[in-house]
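*Asks:* Starting off with a structure, shown below.
Numbering (full-length UniProt numbering), first residue to last: 1 to 400.
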């Protein structure tokens, strides 16, 4: 049963999910024709209605089905968030993410040697022949693995060896395996996310050492584990390149068709951000908004269903209400970040949450990982860990 303290620990992600749900719900409210036709970028549809003699009440969103689907997808992170709030020891939850990452990585390696049409690929539209794991998109898979790597680094340093004598070295092995899986993923976003996770893991460790000042032999020995893992990963990068086993490293120096498309999309997206204000095109309705703007020279057999930049797609879809929600959340997060170093007690989970959010935020510049329900769950739990206040009594923390 949820208690007041439980809700206090998740109030930040709860505010985000509730805010997005409210915006989507308002975008589904039908408006009379005279009012609807005044909305930005609705003129073309209004002219068609006039020619056909239609007077139809329509919602703000350009696609009710897409917005309803987006609204329904929020139930997944909301349910996970409520369950997470009632858990006192977060170690099993974090271990669960690492376990899912390992399963996905193993599946991805099997996919590299499997028929692209085999049952190992769970989605009809996917990166066939690539290591996508449990996902449809190799970038999303790689970014998720990078976040799981960050979690494994955290557990390697913050675990009670009396309760979990196996966890330190098992997490070291898991981290090394996840790093190798990312390298073989053929995702530039994954390579960048890997480097960020290693850097943030080392940074979090340094902050923790300054706060706790551990001097035991085990602590002195353990502090070198992330450094060792980082060195191993860095050494393996050129080895994989020389062995031609890492397409991702070769792709870093290449200019793919998708990169060309992203560059051509940028000015269009910037125009759309302004043109669809103040109410937005509708949550999840970017595809339909873009079709109204798609230049002739970008027409082809493939279509653009996402902006591949969530920092721009979110304001396009949600308008001014979304910008207000984001600004409010940003102010709260900045205040939280400023206060975090001065918080009483050696709580390290907030730094892990912040690290995961940074990796996901960086990945969202060139992709849309936060549109995937499983990554949504990871994001809201990371936000909960980052935003959880230091409550009186025993706080829900990893066993240390």
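Heads up, the beta-carbon is just placed ideally off N, CA and C, and yes, glycines get one too.
Leaving out five residues before and five after residue 19 in sequence, what residues of the same chain have Cβ atoms less than 6 Å from its Cβ?
*Replies:* Counting only Cβ-Cβ distances below 6 Å, and skipping sequence neighbours, we find 325.
*Asks:* Just confirm the distance between the C-beta atoms of residue 142 and residue 182, as a whole number of angstroms; I'd bet it's less than 8 Å.
*Replies:* So it is a contact: roughly 5 Å between Cβ atoms.
*Asks:* Keeping to the same chain, check which residues put their C-beta closer than 6 Å to that of residue 383; ignore five residues upstream and five downstream.
*Replies:* Result list for residue 383: 12, 13, in chain order.
*Asks:* Just how far apart, CA to CA, sit residue 91 and residue 42?
*Replies:* Their Cα atoms are separated by approximately 50 Å.
*Asks:* Run through the DSSP bridge pairs and tell me what residue 31 is partnered with.
*Replies:* Answer is 58.
*Asks:* Using alpha carbons as the reference points, say which of 58, 311, 36, 167 lies closest to residue 99.
*Replies:* Per the Cα distances, 167.
*Asks:* Just verifying my parser: in three-state terms, what is the DSSP assignment at residue 110?
*Replies:* In the structure shown, residue 110 sits in a helix (DSSP, three-state: H, G or I).
*Asks:* Starting from residue 85, trace the alpha helix (DSSP H) in both directions and tell me its first and last residue.
*Replies:* Here the alpha helix (DSSP H) through residue 85 covers 75 to 85.
*Asks:* Give the DSSP-derived three-state secondary structure of residue 290 in the structure shown.
*Replies:* Of the three classes helix, strand and coil, the one that applies to residue 290 here is helix, per DSSP.
*Asks:* Give the range of the alpha helix (DSSP H) segment to which residue 318 is assigned.
*Replies:* Run containing residue 318: 310 to 339, per the alpha helix (DSSP H) assignment.
*Asks:* Could you check where the alpha helix (DSSP H) with residue 153 kicks off and where it finishes?
*Replies:* Here the alpha helix (DSSP H) through residue 153 covers 138 to 157.
*Asks:* Which class does residue 69 belong to by DSSP, given the choice of helix, strand or coil?
*Replies:* In the structure shown, residue 69 sits in a helix (DSSP, three-state: H, G or I).
*Asks:* Per the contact definition of three or more C-beta pairs closer than 8 Å, is the region 294 to 308 in contact with the region 318 to 332?
*Replies:* Because the criterion of three Cβ pairs below 8 Å is not met, the region 318 to 332 and the region 294 to 308 do not touch.
*Asks:* For residue 127, which option in 136, 78, 377 has the closest C-alpha, if you only look at C-alpha atoms?
*Replies:* Comparing Cα positions, the closest option is 136.
*Asks:* Using a Cβ distance threshold of 8 Å, determine whether the region 62 to 73 contacts the region 271 to 287, with at least three qualifying pairs required.
*Replies:* Yes, they touch.
*Asks:* Going by DSSP in three states, residue 170 sits in which element: helix, strand or coil?
*Replies:* Correct three-state label for residue 170: helix.
*Asks:* Return the CA-CA distance between residue 369 and residue 305, expressed in angstroms with no decimal places.
*Replies:* Between residue 369 and residue 305, the C-alpha separation is close to 14 Å.
*Asks:* Going along the chain, which residues of its own chain have a beta-carbon closer than 8 Å to the beta-carbon of residue 215, five neighbours each way excluded?
*Replies:* A caution first: residue 215 carries a pLDDT of 49, below 50, which makes its placement in the model too unreliable to give a value.
*Asks:* With a CB to CB cut of under 6 Å and the five nearest residues on each side skipped, what residues in its chain are close to residue 74?
*Replies:* Once the five neighbours on either side are set aside, the close Cβ partners of residue 74 are 17, 21.
*Asks:* Residue range of the alpha helix (DSSP H) that residue 374 falls in?
*Replies:* Residues 373 to 387.
*Asks:* Using beta-carbon positions only, say whether residue 278 and residue 320 come within less than 7 Å of one another.
*Replies:* Cβ distance < 7 Å, so residue 278 and residue 320 count as in contact.
*Asks:* Looking at C-alpha atoms only, which residue of 365, 362, 339, 374 is the closest neighbour of residue 386?
*Replies:* Residue 386 has its Cα closest to that of 339, out of 365, 362, 339, 374.
*Asks:* Between 271, 106, 112, 336, which lies nearest to residue 174 when the distance is taken from Cα to Cα?
*Replies:* For the residues 271, 106, 112, 336, the minimum Cα distance to residue 174 belongs to 106.
*Asks:* Looking only at C-alpha atoms, which of 289, 8, 33, 93 sits nearest to residue 377?
*Replies:* The shortest Cα separation from residue 377 among 289, 8, 33, 93 belongs to 93.
*Asks:* Provide the residue span of the alpha helix (DSSP H) that contains residue 117, from first to last.
*Replies:* Where residue 117 is concerned, there is no enclosing alpha helix (DSSP H), given that its DSSP letter is neither H nor E.
*Asks:* If you reduce the DSSP assignment to three classes, tell me which class residue 278 lands in.
*Replies:* In this structure, residue 278 counts as coil in the three-state DSSP scheme.
*Asks:* Could you check whether the region 191 to 202 touches the region 114 to 133, counting it as contact only if at least three pairs of C-beta atoms, one from each stretch, sit closer than 8 Å?
*Replies:* The region 191 to 202, when compared against the region 114 to 133, does not touch it at the 8 Å Cβ threshold.
*Asks:* Skipping 5 residues on each side, what residues in its chain have a beta carbon closer than 8 Å to that of residue 29?
*Replies:* Counting only Cβ-Cβ distances below 8 Å, and skipping sequence neighbours, we find 59, 60.
*Asks:* Residue 312 and residue 372: beta carbons closer than 7 Å?
*Replies:* Contact: no.
*Asks:* For residue 367, does the three-state DSSP call read helix, strand or coil?
*Replies:* Coil.
*Asks:* Quick one: grab the DSSP three-state call for residue 88.
*Replies:* Reduced to three states, the DSSP call for residue 88 is coil.
*Asks:* Can you tell me where the alpha helix (DSSP H) holding residue 7 begins and where it ends?
*Replies:* Residues 4 to 9.
*Asks:* Less than 7 Å separating the beta-carbons of residue 310 and residue 139?
*Replies:* Not in contact: residue 310 and residue 139 (Cβ atoms no closer than 7 Å).
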